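See below for the structure under consideration.
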Amino acid sequence: MRFTEEHEWLLVDGDLVVVGITEHAATQLGDVVFVELPELETAAAKGDEVVVIESVKAASDILAPLDGEIVEVNDALVDNPSLVNDDPTGEAWFFKMKVDDLSAVDAYMTEDEYKDFIGE
Amino acid sequence: MTTGLLELPLNGLHAELGGKFVPFAGYSMPVQYAAGVMAEHLWTREKAGLFDVSHMGQVRLPLDQASALERIAPIEVAGLAEGRQRYGFLTNEAGGLVDDFMIARYADCFVIVINAARRAEDLALFEKHLTGFEVITDRALLALQGPLAESALARLLTDVATLRFMDVRRLTWQGSELWLSRSGYTGEDGFEISVPVAVCDAFARALLAMDEVAPIGLGARDSLRMEAGLPLYGNDLSETISPVEAGLSWGISKSRRPDGAKAGGYLGAEVIASHLAGEAARKRIGLVPEGRAPMRGGVPLFLSETSQTQIGEITSGGFSPSLGHPIAMALVQSDTDADAPIWGELRGKRHPMRQVDLPFFKTSYKR
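Next comes the structure, spelled out in structure tokens:
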């Protein structure tokens, strides 16, 4: 698993990249009450806002971590947004991307680097 | 921390309880504790929640200032009975709201509770119109809210059950004088308790030691007051919104209305009289979004999915933990048909909402 400075996690699964938010991010957000997922087969450029998450406190976005195409989304989050708080690094993945260059994932932080980043 | 923020007298206790702090009205305040906003909200609706609202201003006013206060507030002050509290607001010359407040009458003085974020504006108005008022700096203000608030508080203070909604009384706890009012800002039965700073930590801990009492942060305070349909200054109330537009006509005392014994005589009285007569341009309404996306303050409103004419905007909104769906309050043109669907524009898309009566969640004041 790799981590972005926007507190997303990335997991390579075959030729796809699975994206979610970290436990740290979920805790900071508070109770998640709404998730808006991207359309399937959306082309996304790195930095595009592809998911909207609303907690009881505020709205925030998930940015596409890489250039690619959204090929799968986790519809379970729409019906049950609190999954994001319950299991952020497991069941509550947000989307899977087919990316142009899988090796670009390695540019992101390792778990140890991320822990340093958030001061744990 | 060198944030320039003021700390609440109970700051250490909040930190100990796992409070997550945010800046609010110049204070560093707990927005939630470990349980989180949703759990804290539901706890307050089921049991008893303890809120620290010490950021709010407490002002002592001599009894002889009643008619002076009536010159800046369209409420009956002189006729307020000892042991009672009343809701009121300060107005400006344009009929807008400077602040809303609670005023309690004790045997020897009035005590006014004002919004922290409006302290400077309120005190400027007081300086101009009142004499002998005093900002109280040696008292914290706590609120205990929820269906179990009475029984919990009764274990520390006998007699609290005899207070009815909006009654106030001074009671002694371990030698210290507490000022209680049976009121709050959650829609629940409960109390606001002014406690000397010297004993507020011990008093709060005595309450928190009870199984049914939990600390509740600002986040849940906001969702609770929204469900109860209560406006918040800075969101739903402002200097350019009249009390009539804000849905607060009920707060204008009978004696101060155009046909009352002490009609007018306060700042903005003519504008407010015209609004009472039906000339208000806007009105505050309740909205329930049809979808699950929370619609928050600032969302522009329209009468259709395509209309280019904005009819108003959301002033407060969010997710309602008790109802399990989003709710919002809005200020819209007063001629908006009460049955008309309303569309809010969020992230470039229009979402339908239906109008509903306020409050969203039935209040349970002990009248």
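One line per chain: the protein sequences are A and B, in this order. Numbering of the first sequence is given in my numbering, commencing with residue 1 and proceeding in unit increments. Numbering of the second sequence is given in my numbering, commencing with residue 1001 and proceeding in unit increments. Even glycine gets a Cβ: it sits at the ideal position worked out from N, Cα and C. Here the structure is a predicted model, which means the values were calculated and not measured.
Here A:THR4 carries a coil assignment [DSSP, helix/strand/coil]. Per DSSP, reduced to three states, the secondary structure at B:GLU1313 is strand. Under the Cβ criterion (8 Å, minimum of three pairs), the segment 1129 to 1140 of chain B counts as touching the segment 1191 to 1207 of chain B. Here B:ARG1257 has ALA1263 and LEU1276 as same chain residues with Cβ atoms under 7 Å from its own Cβ, once five neighbours each way along the sequence are excluded. DSSP lists B:ILE1103 as the beta-bridge partner residues of B:ARG1086. Between B:LEU1303 and B:VAL1356, the CB-CB gap reaches or exceeds 8 Å. For a cut-off of 8 Å, the C-beta gap from B:TYR1033 to B:GLY1184 is around 19 Å, too long to register as a contact. The shortest CA-to-CA distance from B:ARG1205 to any of B:LEU1010, B:GLY1278 and B:GLY1318 is the one to B:LEU1010.
Contact annotation: B:GLY1079 and B:VAL1113 have beta-carbon atoms that are not nearer than 8 Å.
Under the Cβ criterion of 8 Å, A:ASP75 is not counted among the residues facing chain B. Contact note: A:ASP31 reaches chain B through GLY1036, VAL1037 and MET1038, using a C-beta cutoff of 7 Å and chain order. DSSP lists B:TRP1173 as the beta-bridge partner residues of B:SER1176. Separation of A:GLY14 and A:ARG2 (C-alpha to C-alpha, rounded to the nearest whole angstrom) is 15 Å.
Between the segment 1310 to 1320 of chain B and the segment 1328 to 1337 of chain B, the count of Cβ pairs shorter than 8 Å is three or higher; the stretches touch. Non-local C-beta neighbours of B:ASN1235 in its own chain, meaning closer than 6 Å and more than five positions away in sequence, comprise GLY1297, THR1315 and SER1316, ordered along the chain. Using a CB distance cut-off of 8 Å, A:PHE3 does not count as an interface residue toward chain B.
Just measuring C-alpha positions, the residue of B:LYS1283, B:GLU1345, B:GLY1324 and B:TRP1250 sitting nearest B:ILE1075 is B:TRP1250. Chain B places no beta carbon closer than 8 Å to that of A:VAL51, leaving this residue out of the contacts. Counting every other CB atom within 10 Å of its CB across the protein chains shown gives B:ASP1122 a total of 16 or more, marking it as buried. Think of a sphere of 9 Å around the beta carbon of A:PHE94: no beta carbon from chain B falls inside it, the nearest being about 16 Å out.
For the pair B:GLU1150 and B:ALA1161, the CB atoms are nearer than the 8 Å cut-off.
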